[in-house]
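Numbering (full-length UniProt numbering), first residue to last: 1 to 95. Glycine is no exception: its CB is placed at the ideal position from the N, C-alpha and C atoms. Note sheet for the following structure.
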């Protein structure tokens, strides 16, 4: 629906004039062609948007896992391990 996600914001920040035009024409456009969509994906890869978002996600997951160790009252090891593995799974699944 054309929402400005981190992926889009990063791409728009790094894009040249033509890339920016292509992004803005296709994003949120219900009638975007498959050619336009492929171009958007290509732009995301070329500009490093996907790599950047994966890096940020990994940092957030690591931070969340570290906070589990600081939780008060402390988690028992079973539930804590569950949440740690769930966080890792969600990150890996989204790649």
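Own chain partners of residue i with C-beta closer than 7 Å, once the 5 adjacent residues on each side are dropped
i, result
"residue 76", "none"
"residue 65", "84 and 87"
"residue 20", "12"
6 Å CB neighbourhood of residue i in its chain, flanking five on each side removed
i, result
"residue 36", "26"
"residue 49", "7, 10 and 11"
DSSP state of residue i mapped onto helix, strand, coil
i, result
"residue 78", "helix"
"residue 66", "helix"
"residue 30", "coil"
"residue 60", "helix"
"residue 21", "helix"
"residue 71", "coil"
"residue 42", "helix"
"residue 4", "coil"
"residue 15", "coil"
Whole-angstrom C-beta distance between residue j and residue i, which should lie under 8 Å
i, j, result
"residue 47", "residue 11", "5 Å"
"residue 89", "residue 57", "13 Å between Cβ atoms; not a contact."
"residue 80", "residue 68", "5 Å"
Close-in-space but distant-in-sequence residues of the same chain around residue i (CB under 8 Å, 5 per side omitted)
i, result
"residue 23", "8, 11, 12, 15, 40 and 43"
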